[in-house]
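K.L.:
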Amino acid sequence: GEDVEQSLFLSVREGDSSVINCTYTDSSSTYLYWYKQEPGAGLQLLTYIFSNMDMKQDQRLTVLLNKKDKHLSLRIADTQTGDSAIYFCAESKTGSYIPTFGRGTSLIVHP
Amino acid sequence: DVKVTQSSRYLVKRTGEKVFLECVQDMDHENMFWYRQDPGLGLRLIYFSYDVKMKEKGDIPEGYSVSREKKERFSLILESASTNQTSMYLCASRTGNSGANVLTFGAGSRLTVL
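Protein sequences, first through last, are from chains C and D.
Counting the first sequence from 1 gives a position; the working numbering is that position plus 14.
Counting the second sequence from 1 gives a position; the working numbering is that position plus 224.
(1) Report yes if the C-beta distance between residue 34 of chain C and residue 24 of chain C is below 8 Å; otherwise report no.
(2) Can a CB atom of chain C be found closer than 8 Å to the CB of residue 298 of chain D?
(3) Between the stretch 62 to 81 of chain C and the stretch 283 to 301 of chain D, can you find at least three pairs of beta-carbon atoms closer than 8 Å?
(4) Apart from the five residues on each side of it in sequence, which residues of its chain come closer than 7 Å, Cβ to Cβ, to residue 294 of chain D?
(5) Would residue 271 of chain D and residue 282 of chain D qualify as a contact pair, given that the criterion is a beta-carbon distance under 8 Å?
(6) DSSP has residue 100 of chain C in a bridge; who is on the other side?
(7) Nearest-angstrom Cα distance between residue 300 of chain D and residue 240 of chain D?
(8) State whether the stretch 46 to 63 of chain C contacts the stretch 249 to 258 of chain D, with contact taken as three or more CB pairs (one from each stretch) at a distance under 8 Å.
(9) On the DSSP bridge assignment, give the partners of residue 261 of chain D in chain order.
Here it is as structure tokens:
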């Protein structure tokens, strides 16, 4: 199986909450990340969480980490059409230069 | 505003042509990366560079080479372009310091090989 897995699509109604899920296999992962890619653009870091944390909140974004189940989620409150994008989950380990990315989840926000 | 600049946003080339994709970063970052992005496959690492004149193969280096003569510039070279190299190419950089592996990405270069 893949090192970082996430579903490919999520469709939500404007104003609802979106939850994008990610699972990873390596228990030695030190940092976990969420990147956002808007149409026609490169990836932009949204947030990251250190593995000794279980939650991080930043305005409308909430990241939850369940280290036991190796599960990471990104919750977007009050989802707007401007949140439509591809969201990539990634992980990295101490001493490694290279994060491992999931395949990305396309979030579609409809009125 | 710090940035990674990919000079060509859209390119159309013919099979067999030599293609150069240029990437420049202004953050004095040691590490630079080239990925290709295809629908449903996510990001796949082609090559990366720890520092000037250093390079390492990623997961899919076949058909590609790279050059890093200066710290700020990392070039991806397709010696003889083929149709299966039609893709979006993303360059990224990061500081060489330990800690979180936060990558800064360029806007991408969309290459079509006819």
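We put the CB at the ideal spot given by N, CA and C, even for glycine.
P.N.:
According to the data block:
(1) yes
(2) no
(3) Per the Cβ contact rule, the stretch 283 to 301 of chain D is not in contact with the stretch 62 to 81 of chain C (fewer than 3 Cβ pairs under 8 Å).
(4) 276
(5) yes
(6) C:51 and C:120
(7) 16 Å
(8) no
(9) D:267 and D:312
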